[in-house]
Amino acid sequence: MPDREATCLCGQLRPEVTGEPFSASICNCLACKRGTGSAFGMQAGFRTDQVRIEGRHTDYSRISDEADRKEHVLHFCPGCGSQVFYTEPTEPDLVVVSVGSFADPSFPPPTESGYDSRRHAWIGLPESVRLLAPRIWFNGLRTGCSEMPALAGTRVATRPVFHDATTVSTRRPGVP
0 MPDREATCLC
10 GQLRPEVTGE
20 PFSASICNCL
30 ACKRGTGSAF
40 GMQAGFRTDQ
50 VRIEGRHTDY
60 SRISDEADRK
70 EHVLHFCPGC
80 GSQVFYTEPT
90 EPDLVVVSVG
100 SFADPSFPPP
110 TESGYDSRRH
120 AWIGLPESVR
130 LLAPRIWFNG
140 LRTGCSEMPA
150 LAGTRVATRP
160 VFHDATTVST
170 RRPGVP
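Here numbering that gives the first Met the number 0 is used: the first residue of the sequence shown is 0, the next is one more, and so on.
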């Protein structure tokens with residue numbers, strides 16, 4: 000029996016998780032803001048053996064703006080369009096679930112905040128939250144943007160790739 004169940008808005012897509020997340024974080028990057036339609040994203044990381052996905056999903060892939068240029072595969076409900084979780088092909092043991100999908104006020108609080116230099120000034124954080132920004136990931140190590148002037152302030156072009164849950168290598172027609 001799962002400890003928690005996340006759901007999309009219509010309830011069709013349901014990640015069921017067992018145990019506590021190994022991380023809970025806030026992200027202030029532009030992709031999380033745009034993807035959630037909110038001032039920030041909040042997500043919880045789980046091992047794949049902790050998560051069981053029920054229901055169908057449609058996938059959207061994008062390349063991270065971070066220096067490591069990882070692919071993030073965002074998983075949406077095809078009915079209501081809610082983004083419920085994401086995965087990274089380079090991290091096959093990782094499933095990251097949107098905390099809002101749990102709709103659980105007792106969910107563990109975040110322990111870190113990424114891209115904090117992009118956080119809205121009116122958003123307060125508990126002092127216990129570790130601030131990671133303005134940092135980017137580089138070869139698995141956190142490196143301040145000021146230490147990498149060639150990357151600071153640059154925009155990275157992404158090429159979106161749409162997938163469906165059964166054929167994850169198919170591009171959506173009309174998308175370059």
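Note that beta-carbon positions come from the ideal geometry of N, C-alpha and C, so glycine has one too.
Rounded to the nearest angstrom, what separates E126 and E111 at their Cα positions?
10 Å
Would you tell me roughly how many angstroms separate the C-alpha atoms of E15 and S60, rounded to the nearest one?
22 Å
Excluding sequence positions up to five away, which residues of its chain have a Cβ less than 6 Å from the Cβ of H119?
A38
When you compare the stretch 55-70 with the stretch 101-110, are there three or more beta-carbon pairs, one atom per stretch, that lie closer than 8 Å?
no
Since T86 sits in a beta bridge, which residues does DSSP pair it with?
V72
In its own chain, which residues sit with a C-beta less than 8 Å from the C-beta of G139, not counting the 5 before and 5 after it?
With a pLDDT of 33 at G139, under the threshold of 50, the modelled position of this residue cannot be trusted, and the question is left open.
Helix or strand or just coil, what does DSSP make of S145?
Low confidence applies to S145: its pLDDT is 32, below 50, so where it sits in the model is not reliable, and the reading given next is rough at best. Three-state DSSP puts S145 in a helix.
On the DSSP bridge list, what partners appear for Q42?
S24 and S97
Relative to the alpha-carbon of T17, which residue among L124, V94 and W121 has its alpha-carbon at the smallest distance?
V94
Taking the continuous alpha helix (DSSP H) assigned at T35, which residues delimit it?
Note, T35: alpha helix (DSSP H), L29 to T35.
Classify T89 as buried or exposed, calling it buried when 16 or more other Cβ atoms lie within 10 Å of its own Cβ.
exposed
Just the C-alpha distance for F75 and E19, rounded to the nearest angstrom, thanks.
23 Å
Report the residue from R117, V72 and C79 whose alpha carbon sits nearest the alpha carbon of K32.
R117
Looking at the strands, I want to know which residues DSSP matches up with S112.
Note: S112 sits in a beta bridge opposite I25 and L130.
Under 7 Å Cβ to Cβ from R154, same chain only, skipping five residues before and after it: list those, please.
Annotation note: pLDDT 32 at R154 (below 50); position unreliable, no value reported.
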